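FYI, the numbering for the sequence shown is 12 to 709, going by our numbering. We put the CB at the ideal spot given by N, CA and C, even for glycine. Quick caveat, the model's predicted, so the values are computed rather than measured.
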Amino acid sequence: MLEAIFAPRSVAVVGASPNPARLGHQVLKNVITNGYQGAVYAIHPTASSILDTPTYPSVLDVPESLDLAVLVIPVEHVLDVVEQCGQKGVRGLVVITAGFKEVGREGKQREQLLLARVQHYGMRMIGPNCLGIIDTLSNLNASFAGLMPNPGEIAFMSQSGALCTAILDWSKGGGLGFSRFVSLGNKADVDEVTLLEAWGDDPHSKVILAYLEGINDGTHFVQVARRTTRTTPVIAIKSGTTSAGTRAASSHTGSLTGSESAYEAAFRQSGILRAESMQELFDLAMAFAYQPPLQGNKIAIVTNAGGPGIIATDAIERTGLLQMADLTQDTIRTLQTGLPATANCFNPIDIIGDARSDRYRIALQAALADPNVDAVLVLFTPQAASDTDVTAQLIAELADTSPKPVLTSFMGAVSLINARRILNDNRIPNYHFPERAVQALAGMARHTHWRNQPEPEYAEFAVDRERVQQLFARVREAGRVELGELEAREVMLAYGMRLPQSELARSPEEAVSIANRIGYPIVMKISSPDILHKSDVGGVKVGLKDAGEVRDMYELIEYRARKYSPNARIWGILIQEQARKGRELLVGVNRDPQFGALVAVGMGGIYVEVLKDVAFNLAPISRQEAAAQIRAIRTYPLLRGVRGELPADVAYIEDVLLRVSQMVQDFPEIVEMDINPLVVYNKGEGAMVLDARIILAS
Ligand code: ADP
Ligand code: MG
Numbered sequence: 012m013l014e015a016i017f018a019p020r021s022v023a024v025v026g027a028s029p030n031p032a033r034l035g036h037q038v039l040k041n042v043i044t045n046g047y048q049g050a051v052y053a054i055h056p057t058a059s060s061i062l063d064t065p066t067y068p069s070v071l072d073v074p075e076s077l078d079l080a081v082l083v084i085p086v087e088h089v090l091d092v093v094e095q096c097g098q099k100g101v102r103g104l105v106v107i108t109a110g111f112k113e114v115g116r117e118g119k120q121r122e123q124l125l126l127a128r129v130q131h132y133g134m135r136m137i138g139p140n141c142l143g144i145i146d147t148l149s150n151l152n153a154s155f156a157g158l159m160p161n162p163g164e165i166a167f168m169s170q171s172g173a174l175c176t177a178i179l180d181w182s183k184g185g186g187l188g189f190s191r192f193v194s195l196g197n198k199a200d201v202d203e204v205t206l207l208e209a210w211g212d213d214p215h216s217k218v219i220l221a222y223l224e225g226i227n228d229g230t231h232f233v234q235v236a237r238r239t240t241r242t243t244p245v246i247a248i249k250s251g252t253t254s255a256g257t258r259a260a261s262s263h264t265g266s267l268t269g270s271e272s273a274y275e276a277a278f279r280q281s282g283i284l285r286a287e288s289m290q291e292l293f294d295l296a297m298a299f300a301y302q303p304p305l306q307g308n309k310i311a312i313v314t315n316a317g318g319p320g321i322i323a324t325d326a327i328e329r330t331g332l333l334q335m336a337d338l339t340q341d342t343i344r345t346l347q348t349g350l351p352a353t354a355n356c357f358n359p360i361d362i363i364g365d366a367r368s369d370r371y372r373i374a375l376q377a378a379l380a381d382p383n384v385d386a387v388l389v390l391f392t393p394q395a396a397s398d399t400d401v402t403a404q405l406i407a408e409l410a411d412t413s414p415k416p417v418l419t420s421f422m423g424a425v426s427l428i429n430a431r432r433i434l435n436d437n438r439i440p441n442y443h444f445p446e447r448a449v450q451a452l453a454g455m456a457r458h459t460h461w462r463n464q465p466e467p468e469y470a471e472f473a474v475d476r477e478r479v480q481q482l483f484a485r486v487r488e489a490g491r492v493e494l495g496e497l498e499a500r501e502v503m504l505a506y507g508m509r510l511p512q513s514e515l516a517r518s519p520e521e522a523v524s525i526a527n528r529i530g531y532p533i534v535m536k537i538s539s540p541d542i543l544h545k546s547d548v549g550g551v552k553v554g555l556k557d558a559g560e561v562r563d564m565y566e567l568i569e570y571r572a573r574k575y576s577p578n579a580r581i582w583g584i585l586i587q588e589q590a591r592k593g594r595e596l597l598v599g600v601n602r603d604p605q606f607g608a609l610v611a612v613g614m615g616g617i618y619v620e621v622l623k624d625v626a627f628n629l630a631p632i633s634r635q636e637a638a639a640q641i642r643a644i645r646t647y648p649l650l651r652g653v654r655g656e657l658p659a660d661v662a663y664i665e666d667v668l669l670r671v672s673q674m675v676q677d678f679p680e681i682v683e684m685d686i687n688p689l690v691v692y693n694k695g696e697g698a699m700v701l702d703a704r705i706i707l708a709s
């Protein structure tokens, strides 16, 4: 269906103008001057011909059929023209016109009407409020950009039109090429998900790039991105993650910006490579577009300078993902025979400052032939003896015949202008500094790792949904949305969690008889729908040793609660089995408006807020993701056990995460949940939920 937009047989530019100063003129000019082969029509109320293009007063007057209409008209005419397009049988629209969602409430309504009309006729639409689209395969430039990009394998989408023009300009200088180039605008219809889906199996796009300010439907985005990234690397830069950036983004395109943790999880769980800067975005794109896929993570370095070789080696180790390749004996022998005695024949291979291209040949050839090497990074510093251009040419030739990626860093400026062009023309990704090349290699390795992962497994536990449903109904009937420990325990039990024995006492006598039954030591906790943080009111007491203590404590806790919050309804006091000491964790849930339930796990206890040592995943969580999540906590070594401690039951924590994931999938009305603490015991001994609370959507 998107062919109507990217490869239409005919295009009408509605709002084409004879006046070169107008946007409509520029758009028409772009459509007709870049080699587009289909039929082109200009739509203008009075002109008979614009730029030698057949011109009609409306799309309905065009004698042939129309695939695509590009709208560059005043906003008040857009709805009428779209109606005419629908009647005409137009299938694709690019609405450049602004004045919709981005200008406030009235504009938002107008956009809704626009979308309704587009959908009524089964059309697809890019925009409104965009720069347009460019497709270098059909040579269609339906935009007001000043330039046509070079053809290439990068598919690019951007929520900022201005950024599009900057990148076009820059890419013309740098030589990077694009297959498709889309300014998403307000993305009322076609959005990032539509394009990810369409480009995932596009043989002409080796890598997908996205600049996003917000995401329309986070859950759908993750689902689709997961599939797309299995075949095609997707690199995204998401702006608006710092709080100042967030304000700018929402006034800019009127997009909702989700929380940073949710984006981080969404990108990670869907295999999207996240670029931290525009530079990183294109550094990575160039590597993917120009070079074959990286098969492993072992890198060899060939250099004519020791220092940069060490810098690159350090950078490789720092990625935590790439490794320096262990060269085989064969390779080392070949290098020793071919290179001077002063050369270093181990990785990094240092061919010494007076090296000319012949030494680069010996070293690069040997490295590429080594079965322990997955990619080669070639470093070059200009020296007195260097035959720079010949070396660049040679690297290009050797790389061309190898299935392994070759990246270069030619360091310097004035003497490298030619060499850089040679490398670029031959599709060798070259970077000004070795660290950037290493970053690009790390991105490639991350993608390889993602693709090689087995399909995710999702657990399905036998649970008692009905019981929870009924409980939630009762809570709502009572006019509440918060469940304290007493009620949250029921939910936890229904989802198979282990909990200490516990019973509600309504009098000191009842407290004593329950405590006697459970056995000492005992824990007592205030139970009130109006007190969610029990310790804050002195409402928790552990280690009560006998009936006398229980009786006294009952009155004390009740007294404290009344004093602290005189209007609180007090249900009684929970008399609870005292759990053995273990390591205290926190498992929490927060619902992100765009991505859904975000499940957190971290070290619990009183320092939670200060340490912020939590790891996130979006639900649904797969078994592999749960395992990785726990290992992502900074203090994970404490769970593995330090100084002779036995390891904690990590497998059981994984289970708890999966059960929680299932719970929040089953009950979208859970907007917040806290298990704190989850006390975890040694391997094989499980864990227990000592406290929980749940907040439902109001
Ligand atoms: P709060 O509402 O203040 O979070 P909790 O129920 O979490 O109250 O209790 C506070 C602390 O008391 C817990 O972090 C835990 O260390 C300890 N605790 C609570 N319940 C038990 C129990 N059944 N056995 C042992 N320790 C407990
Ligand atoms: Mg607690």
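Own chain partners of Asp180 with C-beta closer than 7 Å, once the 5 adjacent residues on each side are dropped: Leu158
Cβ shell of Lys536 (< 7 Å), same chain only, five flanking positions each side left out: Glu496, Lys545, Gly550, Val551, Ile584, Leu585, Gln587
Residue-level contact to chain B via CB, Val675, 8 Å cutoff: Protein chains in the displayed structure number just one, and chain B is not present.
Nearest-angstrom Cα separation, counted from Ile533 out to Ser569: Reading off the sequence, residue 569 comes out as Glu, not Ser. Cα to Cα, Glu569 sits roughly 17 Å from Ile533.
Exercise answer, beta-carbon shell around the ligand MG heavy atoms below 5 Å: Asn687, Asp702
Extent of the continuous alpha helix (DSSP H) to which Glu275 belongs: 271-280
Alpha helix (DSSP H) runs wholly inside the stretch 519-573, at least 4 long, in chain order: 519-529
For Thr249: DSSP bridge partner residues: According to the sequence as given, residue 249 is Lys; it is not Thr. Partner(s): Leu223.
8 Å Cβ shell around Met503 - same chain, five flanking residues per side excluded: Leu510, Ile686, Val700, Ala703
Identity of the residues DSSP links to Leu104 by a beta bridge: Ala80, Met136
Bridge partner(s) assigned by DSSP for Asp72: Asp72 pairs with nothing; no bridge assigned.
Cβ-based neighbour list, Gly46, same chain, cut-off 6 Å, excluding 5 preceding and 5 following: Asn150
Buried versus exposed call for Phe472 [16 or more other C-beta atoms within 10 Å across all chains shown]: exposed
Local conformation of Tyr371 per DSSP, three classes: helix
Start and end residues, alpha helix (DSSP H) containing Pro319: 317-329
Beta-carbon contacts of Asp365 that lie in its chain and below 6 Å, excluding the five residues immediately before and after: Ala396
Given 8 Å, three or more beta-carbon pairs between the stretch 666-674 and the stretch 626-639: yes
Separation of His215 from Ala32, as counted between CA atoms: 35 Å
When Ala608, Gly282, Pro319 are compared against Gln464, the one with the closest alpha-carbon: Gly282
Own chain partners of Ser538 with C-beta closer than 8 Å, once the 5 adjacent residues on each side are dropped: Gly495, Glu496, Leu497, Leu515, Ile581, Trp582, Gly583, Ile584, Leu585
N- and C-terminal bounds of the alpha helix (DSSP H) containing Leu497: 496-505
Within the stretch 113-194, ranges of the alpha helix (DSSP H) (whole runs, at least 4 residues): 116-131, 172-185
Cβ-heavy atom distance, Val417 to the ligand ADP, below 7 Å: no
Distance between Ser420 and Pro679 (C-alpha atoms, nearest Å): 51 Å
Limits of the unbroken alpha helix (DSSP H) element including Thr66: From DSSP, Thr66 is part of no alpha helix (DSSP H) but of the beta strand (DSSP E) over 64-67.
Whether Val389 touches Ala336 by CB criterion (8 Å): no
Rounded straight-line distance, which links the Cα of Ile312 to that of Thr324: 8 Å
Whether Asp677 touches Arg476 by CB criterion (8 Å): yes
Local conformation of Val474 per DSSP, three classes: coil
Nearest residue (CA-CA) to Glu446, options Pro540, Ala378, Leu333, Pro29: Leu333
Limits of the unbroken beta strand (DSSP E) element including Glu588: 583-588
Residue span of the alpha helix (DSSP H) that contains Leu418, given as start and end: First-last for Leu418: 417-421, but that is the beta strand (DSSP E), not the alpha helix (DSSP H).
Alpha helix (DSSP H) segment containing Tyr52, residue limits: Not the alpha helix (DSSP H): Tyr52 falls in the beta strand (DSSP E), residues 50-54.
Continuous alpha helix (DSSP H) stretch holding Ser672: start and end: 661-677
As assigned by DSSP and simplified to three states, the class of Leu13: coil
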